[in-house]
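Number of protein chains: 2
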Amino acid sequence: MAYRETDNVKARKAAQRDHLLHSAEQLVREGGFANLTMQTLAVAAGVGVGTLYRYFDNKAVLAAEVFRVATEREVAAVAQAMEHAGSFPERLSHVLQVFVQRAQAAPRLAWSLIAEPVDPAVDAERLTYRQRYAALYQQLLSDGVSQGELPIQDTAISAAALVGAIAEALVGPLSDPLPKANLAESLTQFCLRAVGASPAQADVIEQPQTA
Amino acid sequence: MAYRETDNVKARKAAQRDHLLHSAEQLVREGGFANLTMQTLAVAAGVGVGTLYRYFDNKAVLAAEVFRVATEREVAAVAQAMEHAGSFPERLSHVLQVFVQRAQAAPRLAWSLIAEPVDPAVDAERLTYRQRYAALYQQLLSDGVSQGELPIQDTAISAAALVGAIAEALVGPLSDPLPKANLAESLTQFCLRAVGASPAQADVIEQPQTA
C-alpha cells in the first residue's frame, strides 16, 4: 500500500506541475515573460504563492522551464518536418513552412521564445536550443551534400547561419503590427539560395515584391 | 570664472566616466559580462565602489552602457566598410571580412556582445543594435537591387536574415576552442548566394572543405 500511495503522490505532483507550467505558458502567450511572475502565476493557476515555491525555486527557474517546454515542442515539430520525404529543396521548404506557420499562429510566444529580453537563465537555454536546431539543419545539409544536391560546404557554418537567418527574419516581421504574408516564401528562397540549392529544384514561386 | 570651473568639472567627470567604461570593457574582454560587477570594476579602475554609483545607478545600467559603447564601434566599422566602392559582391565581401576579422581579433568580446546570457537591459540593447545592422544591410541590398545586381526581393526580410546568419555563424565557431580560418569565406559565400548575387561577380575562392 505504501508503494501505491507513493506513486499516487508522485502522479498528483506531476499533474500539478503540468498544470502550473500550462498556466505559466498561457501568461507568456498573452504578455511575454514580462507577464510571468510568481504572483501572476499564483492567481492564474488558482494556487497560493507558497505552493509555487514547492515546484520552482524562483522566477528565473520557472521562466527557464516554461521556455524549455515550449521550445522542446518547436524543436520536435522541426525534427518531424525534416522527416518529410523529397529532394533537399522540398524538405527545407517544408521545414520552413512548418516553422513559420507555427510562429505566425502564436506570434507573441514566438517573439518571447526568440527575442524577448529575459533573465540570463532563459538566455542560456536559448543558446542550448540554437545548437539543437543547428544540429538538425546540419544533418539536413549533410544529406543534401552527400546526395549531390548541394555544393560541398562547411555544413556547421551553413547550419548556424541558417538558424540565425530564420530566427532573425521571424523576429523582425513578427514585431511589426502586421504579419508578413510573404515571410515563408521569402525566407525559403533566401535559405535555399544560401546553401546553393539549385533554384530549378525548388518549388518556390517568385513573389511580386518591391525592394 | 564660475562658468569655466563648471566646464572643468564637466570635463573631469567625462574623463573619469571614459576611464571607468574603458576599464569595464577590459573586464568584459577578459571574462565576459559575468566578469563585470561594481566590485571588480572598482578594483580594476582603482576607485571606490561609491564613486562608481555616482556614474552608474547599478550593474545593469553599467553593463548596458559598456555594450552600447563597444557595439557602436562595431556598427561604425560596418557602416564605414559599406562605403567601399565596387560591385555588390565586392562590397558585401568587404563588409563581412571586416566584421569577421574584428570579431576574431577579440573573440571573447564578440561572443559577449552577441550571445552571452546577460541582464535583460543588455538584451534590450541587442535588439536595438540588430535593427541598426539590419538597416545598414537593407540599404546595401536596395543598392544592389536598384543597380540590377540582385533579383527583386523583400529587402527587409533579407536584411534581417543576413544579420541573423552573420551573428549566429560567428557565435558557433567562436565558442569553439579553435577559430575557424574559413569562416569569412564560407559566410561570404552563404550570404552572397542567399541574396541572389551572381557567383560570377563574387570574388570568392572555393574552399576545399568537407561536409
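Chains V and Y, in that order, give the protein sequences. Under the working numbering, the first sequence has 196 at position 200, and the numbering climbs by one with no breaks. Under the working numbering, the second sequence has 170 at position 174, and the numbering climbs by one with no breaks. Backbone N, C-alpha and C fix where the C-beta goes; we use that ideal spot for every residue, glycine too. Values in this document were obtained by computation on a predicted structure and should not be read as measured data.
Contact list for residue i against chain V, beta-carbon separation under 9 Å
i        : result
Y/VAL57  : Here the premise fails: no neighbours, minimum Cβ distance about 14 Å.
Y/ALA130 : GLU164, GLY168
Proximal residues of chain Y, C-beta to C-beta of residue i below 9 Å
i        : result
V/GLY144 : Ordered by position in chain Y, no residue passes the 9 Å Cβ test against V/GLY144, which lies about 11 Å from the chain.
V/LYS176 : ASP150, ALA152, ILE153
V/ARG210 : Because chain V is modelled from -3 through 207, residue 210 of chain V falls outside the range shown and cannot be assessed.
Where residue i meets chain V, residues with beta-carbon distance less than 8 Å
i        : result
Y/ALA102 : Within chain V, no residue comes near Y/ALA102; the closest Cβ sits about 20 Å away, beyond 8 Å.
Y/ARG189 : ARG189, ALA190, VAL191, GLY192
Y/LEU105 : Simply none; closest approach about 17 Å.
Y/LEU48  : Those do not exist, as Y/LEU48 stays about 21 Å from chain V at its closest Cβ, beyond 8 Å.
Classification of residue i by the beta-carbon crowding that lies within 10 angstroms, buried from 16 upward
i        : result
Y/ALA11  : exposed
Y/VAL57  : exposed
V/ARG8   : exposed
Y/VAL45  : exposed
V/TYR49  : exposed
Y/GLY140 : buried
V/ALA156 : buried
Y/ASP14  : exposed
V/GLU61  : buried
V/LYS6   : exposed
V/ALA59  : buried
Y/ILE201 : Interpretation of Y/ILE201 is limited by its pLDDT of 43, a score under 50 that renders its predicted location unreliable; no figure is taken from the coordinates.
V/GLY168 : buried
V/GLU151 : The displayed chain sequence assigns Thr, not Glu, to residue 151 of chain V. Under this definition V/THR151 is a buried residue.
V/VAL96  : buried
Y/ALA230 : Because chain Y spans -3 through 207 in this model, residue 230 of chain Y falls outside it and cannot be assessed.
V/GLU1   : exposed
Y/GLU79  : exposed
V/THR206 : Residue placement at V/THR206 cannot be trusted, given a pLDDT of 46 that sits under 50; the coordinates are not used to answer.
Y/GLU121 : buried
Y/GLN143 : exposed
Whole-angstrom distance between residue j and residue i, CA atom to CA atom
i        : j        : result
V/GLN203 : Y/ILE153 : Bear in mind that the predicted position of V/GLN203 carries a pLDDT of just 44, short of 50, making it unreliable; the figure below should be weighed with that in mind. The alpha-carbon atoms of V/GLN203 and Y/ILE153 are separated by roughly 13 Å.
V/GLN134 : Y/ALA66  : 32 Å
V/PHE52  : Y/ARG69  : 41 Å
V/ILE162 : Y/GLY160 : 7 Å
V/ALA180 : V/VAL94  : 9 Å
Y/PRO147 : Y/ALA193 : 8 Å
V/HIS90  : V/ALA190 : 16 Å
V/PHE63  : Y/ILE110 : 20 Å
Y/THR124 : V/ALA165 : 15 Å
Y/LEU32  : V/ALA106 : 31 Å
Y/ASP115 : V/LEU92  : 31 Å
Y/THR47  : Y/LYS55  : 13 Å
Y/ALA73  : V/TYR129 : 31 Å
Y/ALA21  : V/SER108 : The sequence shown places Glu at residue 21 of chain Y, not Ala. Their backbone Cα atoms lie some 29 Å apart in a straight line.
V/LEU23  : V/ARG98  : 18 Å
V/MET34  : Y/SER182 : 46 Å
V/SER83  : V/ALA30  : 42 Å
V/GLN185 : Y/LEU158 : 13 Å
V/ASP119 : V/GLU112 : 10 Å
V/GLY28  : V/ALA102 : 11 Å
V/ALA40  : V/LEU188 : 44 Å
V/HIS18  : V/ARG104 : 16 Å
Y/ALA38  : Y/LEU88  : 42 Å
V/GLU86  : Y/GLN100 : 36 Å
Y/ALA177 : V/GLN127 : 21 Å
Y/GLU145 : V/LEU137 : 27 Å
V/THR36  : V/LEU132 : 36 Å
Y/ASP199 : Y/ALA81  : Residue confidence is low: Y/ASP199 scores 45 on pLDDT, short of 50, so the model does not pin down where it sits. No coordinate-derived value is stated.
8 Å Cβ cut-off: residues of chain Y touching residue i
i        : result
V/ALA180 : Here the premise fails: no neighbours, minimum Cβ distance about 10 Å.
V/SER136 : Looking at the sequence itself, residue 136 of chain V is Leu, so the reference to Ser does not match. Within chain Y, no residue comes near V/LEU136; the closest Cβ sits about 11 Å away, beyond 8 Å.
Contacts of residue i in chain Y (Cβ-Cβ under 7 Å)
i        : result
V/VAL114 : PRO116, ASP119
V/ALA157 : ALA161, GLU164, ALA165, LEU183, PHE186
Neighbour list for residue i in chain V, Cβ cutoff strictly below 7 Å
i       : result
Y/ARG98 : Here the premise fails: no neighbours, minimum Cβ distance about 18 Å.
Residue i beta carbon near the ligand NAP (any heavy atom closer than 6 Å)
i       : result
Y/PHE52 : Although the ligand NAP was asked about, the structure shown includes no ligands whatsoever.
Subject >> Interface positions of the region 17 to 41 of chain V facing chain Y (Cβ-Cβ less than 7 Å), listed along the chain >> reply: Answer set for the region 17 to 41 of chain V: empty.
Original post:
What are the residues of the region 69 to 97 of chain V that lie near chain Y, defined by any Cβ-Cβ distance shorter than 9 Å?
Top reply: Listed in sequence order: no entries.
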